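In our numbering, the protein residues as written are 1 to 669.
This is the structure we're talking about:
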């Protein structure tokens with residue numbers, strides 16, 4: 001079951017990766033639709049001509065390009081767009097799902113073709129071969145899509161649309177809540193929402209000017225009701241924290257902040273299920289719906305996407321869902337006999353199995369000399385670099401001839417001899433490398449900043465170097481202590497370049513965080529200081545981790561390092577994988593692909609003396625990171641050494657002057 005959950009999450013994450021970057025385009029189309037179609041606020045025949053081509057051609061091609069780029073970078077994006085065009089031309093319905101399939105498929109084909117030419121092209125002919133191979137493959141993909149795939153998609157989408165329309169006609173759409181709400185809590189909802197509801201909803205909106213399908217998963221009243229119910233009738237810590245969650249959900253539409261409450265009392269899942277059913281019944285009866293996807297699911301986003309004539313229906317659907325959910329939560333909590341809810345379970349940390357026993361198997365499976373040790377993470381730009389920095393130092397001190405690099409999970413090959421990752425990502429790493437014949441042991445750790453993990457690894461490496469294969473006793477204690485902790489990923493942009501970027505990470509005694517002492521070549525040529533005094537805030541008081549992350553991001557935005565969208569990417573990163581690293585320390589940073597919102601590399605620092613909760617852990621120090629072209633990597637090594645020492649973190653927490661913060665980092669080496 002755990003393996004199935006991993007696969008569904010990966011599939012949902014992939015679909016989300018295609019759809020979410022293009023939500024702004026969907027909203028733009030929704031605004032045009034709401035304003036200028038014959039039933040819109042300001043009917044205009046000329047402006048209405050923008051609506052149909054945007055939906056028919058631009059949207060599928062955007063999805064195809066994005067999906068292709070996820071598989072094979074920009075070249076894959078172009079191949080994906082060409083492949084998508086084949087299924088778009090001549091289709092009777094909007095081919096959003098066609099773009100989501102043909103985009104990645106076209107990129108995969110292009111990647112395989114390029115691999116065939118690898119190392120076989122004479123110098124000077126590379127550009128010619130690249131362009132003509134793209135042209136030929138692209139033309140074939142377009143023809144294949146048009147002649148073979150498009151008719152199949154027409155049938156599939158017609159059947160799906162007919163099925164959904166039947167549910168709506170028979171007033172059975174509310175029954176989908178039985179599946180949607182539990183899927184949301186388990187983070188399995190993306191496959192349903194982005195794979196079915198949004199594509200068919202867009203098709204309906206194109207014809208009718210709105211669709212109720214956009215509100216099957218995104219009716220924010222449901223999760224606002226959950227938080228409100230706990231705020232009124234909850235106990236202990238849940239009752240104290242729920243009011244803030246109610247505001248965050250209602251105003252910001254961040255449903256994830258309410259999931260821990262349901263997980264703390266699993267019986268309460270009945271409330272959002274029945275609440276969403278009630279909301280959907282209301283929306284169906286009053287003919288509600290929105291012109292485009294509601295993202296995030298806040299009340300204000302709902303109003304923004306509501307067409308003329310549907311405000312009463314949509315507001316009623318929201319309020320009914322909220323009230324029914326809150327009341328049912330209250331009834332369930334009143335019937336519950338437990339005395340307190342002092343701890344809420346962690347979310348965004350799926351249970352892939354404890355490491356206990358796995359470390360022993362890891363060491364058993366080592367055959368031959370370990371020469372390449374890779375740290376593998378999902379996608380990001382900080383913690384794994386720190387882990388590599390710490391490990392490289394220990395490897396050098398031990399006199400071991402082992403190359404230590406970092407890499408993204410999806411970029412893993414059979415190159416490493418051993419892989420280190422977090423417990424939460426261990427299953428995905430093993431799944432990724434399972435296709436290779438080479439047996440590569442995977443070592444799961446609970447905390448990337450816990451040096452004890454690396455001490456155990458050094459012992460294993462020493463025994464391996466000495467030719468000792470039976471090193472299971474070395475790792476057994478680490479395995480017993482391991483806990484499930486979500487990893488923070490590294491940016492795939494740096495994958496494969498780590499060794500060059502961080503070669504002297506731990507031996508450069510002059511590397512510090514102050515402007516006068518930055519000495520790496522990239523930092524010398526950087527147009528400005530990565531970590532000036534103005535990027536520091538002391539004595540911050542925040543209501544929750546989202547506000548804390550936003551504060552760290554705003555420092556970078558206000559001083560010209562990033563675009564506003566990068567802050568949203570930092571918050572999204574924490575939703576996908578906690579940015580809390582241990583030792584009361586967190587490093588907010590963006591998701592993969594968010595580098596485009598970075599103007600210049602920069603680092604921000606937020607001191608929170610009273611602490612802020614990160615799913616049961618308390619962070620006092622926040623270091624926000626925006627890394628471009630690897631300029632920040634050396635500094636991350638410095639930060640890593642500071643924050644592995646709890647004493648240093650305490651000094652950072654209690655510092656009274658910004659110069660003290662800079663001094664702590666400066667005096668480290």
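For glycine and all other residues, C-beta sits at the position ideal for the given N, C-alpha and C. Treat the numbers as computed from the prediction; the structure is a model and nothing was measured.
Problem - Buried versus exposed call for residue 443 [16 or more other C-beta atoms within 10 Å across all chains shown] - result: buried
Exercise for the section: With a 10 Å radius around its C-beta and 16 neighbouring C-beta atoms as the bar for buried, classify residue 405 as buried or exposed. Expected result: buried
Practice task
Look at the Cβ atom of residue 218, then the Cβ atom of residue 294, and state whether they are nearer than 8 angstroms.
Solution key: yes
Problem - Length of the line joining the Cα atoms of residue 59 and residue 52 - result: 10 angstroms
Handout entry: Run of the alpha helix (DSSP H) containing residue 65, from where it starts to where it stops
Key = 59-88
Problem - Residues near residue 204 by beta carbon distance below 7 angstroms, same chain, minus five either side - result: 211, 213
Handout entry: Alpha-carbon spacing of residue 602 relative to residue 626, whole angstroms
Key = 5 angstroms
Problem - DSSP-derived helix/strand/coil call for residue 403 - result: strand
Exercise for the section: Whole angstroms is fine: what's the gap from residue 47's alpha carbon to residue 28's? Expected result: 13 angstroms
Exercise for the section: For residue 580, write down the residues that DSSP places opposite it in a beta bridge. Expected result: 586
Practice task
Could you please give the first and the last residue of the uninterrupted beta strand (DSSP E) stretch that includes residue 609?
Solution key: 602-614
Practice task
Measure the Cβ-Cβ separation of residue 421 and residue 376 and say whether it is below 8 angstroms.
Solution key: yes
Practice task
List the DSSP bridge partners of residue 422.
Solution key: 445
Problem - Contact the segment 590-597 vs the segment 643-663: 3+ CB pairs below 8 angstroms - result: no
Practice task
Return the residue from the list 63, 559, 391 that minimises the CA-CA distance to residue 458.
Solution key: 391
Practice task
For my contact list, residue 544 and residue 623 are in at a C-beta cut-off of 8 angstroms; report their separation, rounded to the angstrom.
Solution key: The Cβ separation is near 18 angstroms, so there is no contact.
Handout entry: Three-state secondary structure assigned by DSSP to residue 18
Key = helix
Handout entry: Reduced DSSP secondary structure (H/G/I, E/B, other) of residue 373
Key = strand
Handout entry: Helix, strand or coil at residue 626 [DSSP, three-state]
Key = strand
Practice task
Give the range of the alpha helix (DSSP H) segment to which residue 198 is assigned.
Solution key: 198-208
Problem - Exposure of residue 156, with buried meaning 16 or more beta-carbon neighbours within 10 Å - result: exposed
Problem - CB of residue 82 within 8 angstroms of CB of residue 106, strictly - result: yes
Exercise for the section: Pull up the distance between the alpha-carbon of residue 102 and that of residue 49, whole angstroms please. Expected result: 27 angstroms
Exercise for the section: Given a cut-off of 8 angstroms, decide if residue 91 and residue 154 are closer than it, judged by their beta-carbon atoms. Expected result: yes
Practice task
Decide yes or no for the touch test of the segment 277-287 against the segment 318-330: beta carbon pairs closer than 8 angstroms, at least 3 of them.
Solution key: yes
Exercise for the section: Count the CB pairs spanning the segment 63-78 and the segment 32-42 that are closer than 8 angstroms, and state whether there are at least three. Expected result: no
Handout entry: Exposure of residue 148, with buried meaning 16 or more beta-carbon neighbours within 10 Å
Key = exposed
Exercise for the section: Give me the Cα-Cα distance between residue 371 and residue 430, rounded to the nearest whole angstrom. Expected result: 19 angstroms
Handout entry: Beta carbon of residue 569 nearer than 8 angstroms to that of residue 590
Key = yes
Exercise for the section: Give the secondary structure of residue 561 by DSSP, where H, G and I count as helix, E and B as strand, and everything else as coil. Expected result: coil
Exercise for the section: Within the same chain, show all residues whose beta-carbon is closer than 7 angstroms to that of residue 301, passing over the 5 residues directly before and after it, in chain order. Expected result: 253, 294, 295
Problem - Cβ-Cβ distance between residue 144 and residue 86 below 8 angstroms - result: yes
Handout entry: DSSP state of residue 28 mapped onto helix, strand, coil
Key = helix
Handout entry: Integer Cβ distance of residue 655 from residue 608, believed to fall under 8 angstroms
Key = In fact, because the Cβ distance is near 12 angstroms, the residues do not count as touching under 8 angstroms.
Problem - Which of helix, strand or coil DSSP assigns to residue 660 - result: helix
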